Structure formats: structure tokens, C-alpha cells
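A.B. asks: In the numbering used here, the protein residues as written are 2 to 120.
Note that CB positions come from ideal geometry on N, CA and C, so glycine has one too.
Note that the structure is a prediction, hence the values are computed from the model and not measured.
The structure follows.
Put into C-alpha cells, the structure is as follows:
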């Protein structure tokens, strides 16, 4: 029996689930032991957008953007099926699905803020 090699997977990637759980626990502990942190983070807001959250999302997305093979974009006309599927899902299916979920989820509550959060 041949042993599988995990040489392509880094230590961080191998235990990603563990790191996510650890980060969630750290967040829960910070909220519990530092109750003023919520107000401090709410203070760092501009035009209704949380600046720390925007920065952290950018840090999370940036590495994925750098792995895009931009040279392959010139060949998109040769096989556009993947692009069309992405457009259809992102622009025709997802918005209406999320709107339906938000309407269904908040019928009783009727909270516009919760509906906006889902959308």
C-alpha cells in the first residue's frame, strides 16, 4: 500500500479547520472579556462601512487575486462557457436567491437591518 504524500500541503493548510475554530474562540473571548471592543470597532466606521472589517476582508481576498492567471484572460473567447456560467450564477441566480432567503427569513421580524445583512 502506497502512502499518500502531503508535501504539497503546508502546515497551515493542513490544519485550517483548527485555525478557524481557534480564531472563532479568540473572537468570542475578546467579546466576553473586553465588552468595550464592540463600541471601539463601531467607532472605526466610515459611511456605514467598518474600516477594520474592510481591511481584513481585503487581506483575505488579496492572495486569491494574486493567483489569478491574467495571461489566460486573452484566451477567454476560445472557451467562454465558464465565464457565462459565472455571469449567470452571480448576476441572475444569486441576487434573487438571497433576496428570497432574506424575505423568507425576516417575515416575522420584519427587520430591514437583518434583511440588508443577509443581502
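1) In chain order, what are the residue ranges of uninterrupted alpha helix (DSSP H) at least 4 long that sit wholly in the segment 67-98?
2) So residue 32 and residue 39 are in contact, right, with Cβ under 8 Å, and what is the actual spacing, rounded?
3) For residue 50, name the three-state secondary structure that DSSP assigns.
4) Please work out which residues of its chain come closer than 8 Å, Cβ to Cβ, to residue 57, disregarding the five sequence neighbours upstream and downstream, and give them in chain order.
5) So is residue 36 in contact with chain C if we call contact Cβ pairs under 7 Å?
C.D. replies: Looking at the coordinates:
1) 82-89
2) 7 Å
3) strand
4) none
5) The chain inventory of the structure shown lacks chain C, comprising one protein chain alone.
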